[in-house]
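Data first, discussion second: the structure below is written as structure tokens.
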Amino acid sequence: MAGIERALAVQAANGGRLGKILIDLGLCTEEAIQRAVSAQIGVEMVRLEEVVLDRTALGVVPRELMLKYEVIPLRLEDDVLVVATPDPFNLSALDDIRFATGRKLVVKSCTEADFTSYVANHIETQSLMQDILDGEELYEKAVENLEDAAAGFVSSSGDEEVSTDLEHAGEQPIITLCNFLLVESIHRGASDIHIEPYETYLRIRFRIDGTLQNLLTPPQRLHSAIVTRMKILAGMDIAQHREPEDGHIAIRYGGETCHYRVSTLPTLYGEKCVIRLLKKDEHLASIGTLGFEPGDLTRFQASLRRPQGIVLVTGPTGSGKTTTLHAGLSLINEAGTNIVTLEDPVEASIPGVNHVQINESAGLTFAAGLRSVLRQDPDIVFVGEIRDGEVADIAVKAALTGHLVLSTLHTNSASESLLRLADLGVAPYLIANALSMIVAQRLMRKVCDDCATTYVATPEEIAEFELTDEELATARLRTGRGCERCYNTGYRGRTAVYEVLRVTNEMRTLIRQEVPPEALLQCAEADGMTLLYRGGITKVLRGETTFDEVRRRLTDAR
């Protein structure tokens, strides 16, 4: 009752709907309020994300009316139109829809957030798609930041231009659409473009802050033309449809050359195309802005400045391992140091660092490359990934003979990396002598500052995340409502959460004794290591991210 009394007091002082006040105070979720309202008036509640898009129904209601009255047509059954709205009490709006369509209405309810998301992912994308194919206005927006005189695409080798006449190229809708996708991926900060064919539709999505977001649902008939155009730009074989292919696109945009790695894969309904954005001229992230806690950052920097040893960064694919190590390399990149990297692929170029691209078809594997690098008088060697026992053995021997070796490993936590190295055949005494530090990490989306709102932790969250009274007293929990800046996701940008395991003398003794993993973990925690899961909760309590992100990214690290 105390919560209701607080909400009523706020309503008496400031006005507003009681349901919204309860949500703002963190006393109830929007879905719970909407479900209660729906039950009260006898209206079924639906989740729009689970509804299959019905183009016939969408065509019955003008887009302007959908947005004005917040009504989504779900399906058309003879002369009955089924619609969903977050405000089923708005009878005048429903009457206008009924009059405009000339059909009877069956009304269902949905949440405001669900409506906003559906409009962004479906209604607006359909309008966007039509603008791209029918007009020049959006095309001009897409390329407004391309260099005027030398704008265009460059060949996969980067030596000569493929096309600089974008004005002429824009006359063709498919070329316009592909140009738009490449430039818009930069504008939105996407890491990947996914072009995915299905039986009855085509879907184009961007991966932004690690999460795929719908951008367009073009007509399925455009699939072949879009993929063919991308293949032409990437220098790929447009006659090949039954085998995977790889290619490369480069465009000049905003004063720099932006590179894309293109990959196609045959699927049941045609070729799926994934295009990864690699901004090679982009400024590298500073190590101090990645998300390290102050104590962990000091330890990491100290390990990077050691003359020899192995520093490992671990985590699943897409967790930012390479970004962390590149930031570390930038920190220790000095005129008197010889740094050589072995990468597959080389995703960022650091001035003063010798980057080597792995090419297994030509015999340049990580193992062969590492042997050659060690004959090049290096001080620091960065191995993109320790994939097998041979590479692990060479890396360990390099560390023991006076080199600083940086590399990545695919494990879920720092302590698991010790077991992984043993599984690769490295003797425990070599692991103990060579290792300097292991850093495990994950990337978590940050709450959008432009639409963030504070709230109070629910009893369920307090129990699930074992929050103490001390933590709650200083907590500043935030969640994003969704806005134009974050494309209605409530998140914008990412931060890393780290687990830093320092290999101390005590830890080396335990590794040589081949003690159980639990003993290694206890030793690391006694030395001050914070587990990934608790590190994520700390960032939530500071308002940087949300409990949903902890559930999504760190459940396996608990």
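Residues in the sequence shown are numbered consecutively from 9, following the numbering used here. Every residue, glycine too, gets a C-beta built ideally from N, C-alpha and C.
Go ahead and label residue 88 buried or exposed: buried means 16 or more other beta carbons lie within 10 angstroms of its beta carbon, across all protein chains shown. That one is exposed.
Measuring only the C-alpha atoms, how far is residue 457 from residue 110? About 44 Å.
Is it right to say residue 49 is buried, meaning 16 or more other beta carbons lie within 10 angstroms of its own, or is it exposed? Burial call: exposed.
Could you pull out every unbroken alpha helix (DSSP H) segment of at least 4 residues lying fully inside the segment 260 to 332, listed in chain order? Correct list: 302 to 312.
For residue 385, which beta-bridge partners are listed by DSSP? Partner(s): none; residue 385 has no beta bridge.
Quick one: give me the first and last residue of the alpha helix (DSSP H) that residue 399 is part of. Residue range 397 to 408 is occupied by the alpha helix (DSSP H) that includes residue 399.
Roughly how many angstroms lie between the CA atoms of residue 99 and residue 421, to the nearest whole one? So the alpha carbons of these two residues sit roughly 55 Å apart.
Keeping to the same chain, check which residues put their C-beta closer than 6 Å to that of residue 529; ignore five residues upstream and five downstream. Counting only Cβ-Cβ distances below 6 Å, and skipping sequence neighbours, we find 423.
In whole angstroms, what separates the C-alpha of residue 237 from that of residue 246? Straight-line spacing of the CA atoms in residue 237 and residue 246 works out to 9 Å.
Would residue 121 and residue 38 be called neighbours here (beta carbons separated by less than 7 Å)? Yes; because the gap between Cβ atoms is below 7 Å, this pair is in contact.
Would you identify the three-state DSSP class for residue 179, choosing helix, strand or coil? Only weak support exists for where residue 179 lies, its pLDDT of 41 falling under 50; the coordinates are left without a value.
Assign residue 252 to one of two classes, buried (16 or more other C-beta atoms within 10 Å of its C-beta) or exposed (fewer than that). With fewer than 16 other Cβ atoms within 10 Å, it is exposed.
Run through DSSP, which three-state label would residue 449 get? Secondary structure at residue 449: strand, using DSSP grouped into helix, strand and coil.
In this structure, how does DSSP classify residue 222 when only helix, strand and coil are distinguished? Strand at residue 222.
Among residues of its own chain, excluding the 5 on either side of residue 558, which ones have a beta-carbon nearer than 8 Å to its beta-carbon? Only 452, 473, 541, 544, 545, 548 meet the Cβ criterion.
Residue 187 (DSSP reduced to helix, strand or coil): The answer is helix: DSSP assigns residue 187 an H, G or I state.
Since residue 484 and residue 551 should fall inside the 8 Å C-beta cutoff, what is the C-beta to C-beta distance between them, to a whole number of angstroms? Residue 484 to residue 551, Cβ: 4 Å. Contact.
Could you give the DSSP three-state label for residue 473: helix, strand or coil? Here residue 473 sits in coil by DSSP.
Quick one: what's got a C-beta closer than 7 Å to residue 341's C-beta in the same chain, skipping five residues either side? Same-chain partners within the cutoff: 347, 358, 360, 361.
Taking all protein chains shown into account, decide if residue 60 is buried (16 or more other Cβ within 10 angstroms of its Cβ) or exposed. Result: exposed.
Would you call the segment 366 to 379 and the segment 397 to 404 touching, i.e. three or more CB-CB distances under 8 Å? Yes, since at least three Cβ pairs between the segment 366 to 379 and the segment 397 to 404 fall closer than 8 Å, the two stretches touch.
Quick one: residues in its chain with C-beta nearer than 6 Å to the C-beta of residue 16, no 5 flanking neighbours on either side, listed in chain order? Hits under 6 Å: none found.
Cβ-Cβ separation, residue 507 to residue 538 (assumed contact under 8 Å), whole Å: Residue 538 to residue 507, Cβ: 7 Å. Contact.
Can you give me the Cβ contacts of residue 152 inside the same chain, cut-off strictly under 6 Å, excluding the 5 residues immediately before and after it? With a pLDDT of only 46 at residue 152, under 50, the local geometry of the prediction cannot be trusted, and the value read off the model is given with reservation. In its chain, beyond the 5 residues on either side, no residue has a beta carbon closer than 6 Å to the beta carbon of residue 152.
Mapping DSSP to helix, strand and coil, what is residue 153? Bear in mind that the predicted position of residue 153 carries a pLDDT of just 43, short of 50, making it unreliable; the figure below should be weighed with that in mind. Annotated three-state conformation of residue 153 is coil, per DSSP.
Could you check the C-alpha separation between residue 289 and residue 350 for me, to the nearest Å? Here residue 289 scores only 46 on pLDDT, less than 50, and its place in the model should not be relied on; the value that follows carries that caveat. Computed Cα separation, rounded: 19 Å.
Count the other CB atoms within 10 Å of the CB of residue 495; is the residue buried (16 or more) or exposed (fewer)? Residue 495 should be labelled buried.
Between which two residues does the beta strand (DSSP E) harbouring residue 202 extend? Per DSSP, the unbroken beta strand (DSSP E) holding residue 202 starts and ends at 200 to 205.
Nearest-angstrom Cα separation, counted from residue 328 out to residue 321: Residue 321 and residue 328: Cα-Cα distance of roughly 9 Å.
Between the segment 475 to 490 and the segment 502 to 518, do three or more beta carbon pairs fall short of 8 Å? Between the segment 475 to 490 and the segment 502 to 518 there are fewer than three inter-stretch CB-CB distances shorter than 8 Å, so the stretches are not counted as touching.
On the DSSP bridge list, what partners appear for residue 254? DSSP lists 271 as the beta-bridge partner residues of residue 254.
DSSP three-state label for residue 486, please. Secondary structure of residue 486 (DSSP, three-state): strand.
Tell me which same chain residues have a C-beta within less than 8 Å of the C-beta of residue 65, skipping the five on either side of it? Spatial neighbours of residue 65 in its own chain (CB-CB distance under 8 Å, excluding positions within 5 residues in sequence) are listed in chain order as 81, 82, 83, 84, 89, 90.
Where residue 107 and residue 277 are concerned, what is the direct C-alpha to C-alpha distance, given to the nearest angstrom? The straight-line gap from Cα to Cα measures roughly 41 Å.
Following the continuous beta strand (DSSP E) through residue 236, name the residue where it begins and the one where it ends. Boundaries for residue 236: no beta strand (DSSP E) harbours it, while the alpha helix (DSSP H) harbouring it runs 231 to 242, taken from the DSSP string.
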